[in-house]
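The sequence shown maps to residues 166 to 589 in the working numbering. From the three backbone atoms N, C-alpha and C, an ideal C-beta is built for every residue, glycine too. No experiment lies behind these values; they were computed from the predicted model shown. First comes the structure, then the notes that go with it.
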Amino acid sequence: MIEVLAGAIILYSTFERSPTSEGWIFRGPGASWVIGGTSGTRSIRVQHPGPTNYTFDDAWSSPLLNTTPLQWYRLSFNSKAPGTTNNPGSVGYGYWSATFYDKQTGNQLPDATFSSVFQSNNWVHNEFRFRTKATVGANGSLLPVQMRINFHSLGSQPLFIDDITVQSTTSQEVAQWADGIYNSFPAKLNYVPKTSRWQRIPLTMQKLRNGQNLRIVMLGDSIQNDTATAPIDVFLEREYPGSKVEIIPSVIGGTGVQYYKNCVQDCILTYKPDLLIIGGISNGNNISDFQSVVNQVRASDRVTKHKTEILLLTKAWSPNNYPNPIDYQLNPSIKELDQNPTNNTTIPNDYRGNLLWFAYANNLEYLDMTGIQSEFIYGPATAAGLGSPDANGNPYSIWMRDNYHLNDYGKQILGRILETYFSL
Numbered sequence: 166m167i168e169v170l171a172g173a174i175i176l177y178s179t180f181e182r183s184p185t186s187e188g189w190i191f192r193g194p195g196a197s198w199v200i201g202g203t204s205g206t207r208s209i210r211v212q213h214p215g216p217t218n219y220t221f222d223d224a225w226s227s228p229l230l231n232t233t234p235l236q237w238y239r240l241s242f243n244s245k246a247p248g249t250t251n252n253p254g255s256v257g258y259g260y261w262s263a264t265f266y267d268k269q270t271g272n273q274l275p276d277a278t279f280s281s282v283f284q285s286n287n288w289v290h291n292e293f294r295f296r297t298k299a300t301v302g303a304n305g306s307l308l309p310v311q312m313r314i315n316f317h318s319l320g321s322q323p324l325f326i327d328d329i330t331v332q333s334t335t336s337q338e339v340a341q342w343a344d345g346i347y348n349s350f351p352a353k354l355n356y357v358p359k360t361s362r363w364q365r366i367p368l369t370m371q372k373l374r375n376g377q378n379l380r381i382v383m384l385g386d387s388i389q390n391d392t393a394t395a396p397i398d399v400f401l402e403r404e405y406p407g408s409k410v411e412i413i414p415s416v417i418g419g420t421g422v423q424y425y426k427n428c429v430q431d432c433i434l435t436y437k438p439d440l441l442i443i444g445g446i447s448n449g450n451n452i453s454d455f456q457s458v459v460n461q462v463r464a465s466d467r468v469t470k471h472k473t474e475i476l477l478l479t480k481a482w483s484p485n486n487y488p489n490p491i492d493y494q495l496n497p498s499i500k501e502l503d504q505n506p507t508n509n510t511t512i513p514n515d516y517r518g519n520l521l522w523f524a525y526a527n528n529l530e531y532l533d534m535t536g537i538q539s540e541f542i543y544g545p546a547t548a549a550g551l552g553s554p555d556a557n558g559n560p561y562s563i564w565m566r567d568n569y570h571l572n573d574y575g576k577q578i579l580g581r582i583l584e585t586y587f588s589l
């Protein structure tokens, strides 16, 4: 059982009063306040009228909430999701999300947090943990943002929500929550780090070992954002007592280095990262785009005397094969590549291999997330019945909130990979 430590409550509603009177916003004809609930007689319902897709136009959204930069929060709510899941590539019935807004401009930030709500004929209790975002101020300082909690349905099935609480929590409590999820999995990660790891990020490892502050900027797309929303900071602070790890996503869905090479100052340098992690699945195979980003970061470091280390990740998590078979990227022959080229029997002539050679030539750390995930899916996950997809995307769908993105189960695996990689 998770022991929830008392924290500041920033949102609480039983929906016994009209949600709109409490600042909730309903979008679309499928969002309504209905009779029936858990602690009382009322709840909210969201039901997308279309057959398959969801849209932000059909959702319940909370009032704007003030937050603390990079603070972890506990989200708890009751849900009832009767009906048949209609979410190709995922077993998720609906979504909850946390969207973030610049306090100065009111503009929504691109790096929202999403996860799944699962099918249930009766009311069930849900516990989630998530980290808030921040904007950047002078000299890399982090500024607070505002937030909304949102609920979205999928397909044409109704999703009922009641008794929602959002409150601040501690790193220790988040670790306990994450361990509870991971320990419930029948499949455990089989990743053993290569002995060549850390050779090109000595300052990062020194900061962790010495219990210092470490700022990590994670650059990429929505998959990199999913990676960043895993509790990596919590895991590393547990492994290295006294350290303070900041995880800052700098992400836009569907973008990669081909985009970021044109905004290095605003998307990277303004945050003053100690470690820049470039990842996601949208970077493309044009190594010159990577080179442009690296060259600009290093040129800035020479001027400012700042030292930015860089870790390159291969594609962190494969989309499902359903409904688009060509999206799935894994097979049993894919094994983790060592960042030292001479330690590999063969190096594929593809994105993974090209990125490895680029990292080697530029003295950049390299981690083959694709290989690690493939070994997990075709190893422990398959043995536990949670492995590669059939023609309908199952059982791989257990890790997904839709056919491309991860739910908290999948995020746990990504977080554990990076925890293991950085751990002594």
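In its chain, beyond the 5 residues on either side, Ala352, Lys353, Leu354 and Asn355 have a beta carbon closer than 8 Å to the beta carbon of Pro545.
The beta carbons of Ala481 and Gly445 sit closer together than 8 Å.
Membership of Pro406 in any beta strand (DSSP E) is not indicated, and neither H nor E is assigned to it by DSSP.
The alpha carbon of Thr206 has as its nearest neighbour, out of Phe180, Gln389 and Ile346, the alpha carbon of Phe180. Here Tyr260 has Phe279 and His317 as same chain residues with Cβ atoms under 6 Å from its own Cβ, once five neighbours each way along the sequence are excluded. Taken through DSSP and simplified to helix, strand or coil, Thr369 comes out as helix.
Checking the DSSP bridge columns, you'll see Trp225 partnered with Phe191 and Phe316. Taking a C-beta distance under 8 Å as the contact criterion, Met383 and Ile412 qualify as a contact pair. Beta-bridge pairing by DSSP links Phe242 to Asn291. Counted as a single uninterrupted DSSP element, the alpha helix (DSSP H) harbouring Gly518 occupies residues Tyr516 to Asn527.
Note that the C-beta distance between Ser241 and Ser281 is not below 8 Å. Considering only Thr203, Gln461 and Ser562, the residue with the shortest C-alpha distance to Asp328 is Thr203.
Bounds of the beta strand (DSSP E) holding Glu474 are Glu474 to Leu478.
For the pair Glu474 and Leu440, the CB atoms are nearer than the 8 Å cut-off. Comparing C-alpha distances from Leu229 to each of Ile190, Pro323 and Arg581 shows the shortest one belongs to Ile190. The C-beta distance from Phe325 to Ser227 rounds to 16 Å, too long to meet the 8 Å contact threshold. Within the same chain, Cβ atoms closer than 6 Å to the Cβ of Arg380 are found at Glu411, Pro438 and Asp439, the five residues on either side in sequence being excluded. If you look at Ile326, you'll find it in the beta strand (DSSP E) that goes Leu324 to Ser333. Here His290 is exposed. Its C-beta has fewer than 16 other C-beta atoms within 10 Å.
Under the 10 Å beta carbon count, Pro554 is surrounded by 16 or more other beta carbons and is classified as buried. Nearest to Tyr543 by alpha-carbon distance, out of Ile174, Ser498 and Trp564, is Ser498.
By the criterion of a C-beta distance shorter than 6 Å, Val422 is surrounded in its chain by Asn448, Asp454, Phe455 and Val458, once the five residues flanking it on both sides are discounted.
Looking at the backbone, the Cα of Tyr531 and that of Asn450 are separated by about 15 Å. Taking one beta carbon from each stretch, the stretch 399-419 and the stretch 555-567 have fewer than 3 pairs nearer than 8 Å; the two do not touch. Burial check for Thr334: the Cβ neighbour count within 10 Å reaches 16 or more, so the residue is buried. A distance below 6 Å between beta-carbons, with the five flanking residues on each side excluded, links Gln212 to the following residues of its chain, in chain order: Gly195, Ser318 and Pro323. When the five nearest sequence neighbours on each side are left out, the beta carbons in the same chain lying within less than 6 Å of the beta carbon of Pro234 are those of Ala299, Leu307 and Pro309, in order along the chain.
With 16 or more neighbouring CB atoms inside 10 Å of its own CB, Tyr574 falls in the buried class.
According to the DSSP assignment, Asn378 belongs to the beta strand (DSSP E) that extends over Asn378 to Gly385. The beta carbon of Gly188 lies closer than 8 Å to those of Ser227, Pro228 and Leu229 in the same chain, with the five residues before and after it left out. Gln461 and Gly305 have their C-alpha atoms spaced approximately 18 Å apart. Between Ala263 and Ile314, the gap from beta carbon to beta carbon is short of 8 Å. Under the three-state reduction of DSSP output, Asn572 falls in the coil class, being neither helix nor strand. Under the DSSP definition of a beta bridge, Phe265 partners with Met312. Taking 4 residues as the minimum length, the alpha helix (DSSP H) runs contained wholly in the stretch 394-472 are 397-404, 422-425, 429-432 and 452-469, in order along the chain. For Trp342, the three-state secondary structure derived from DSSP is helix.
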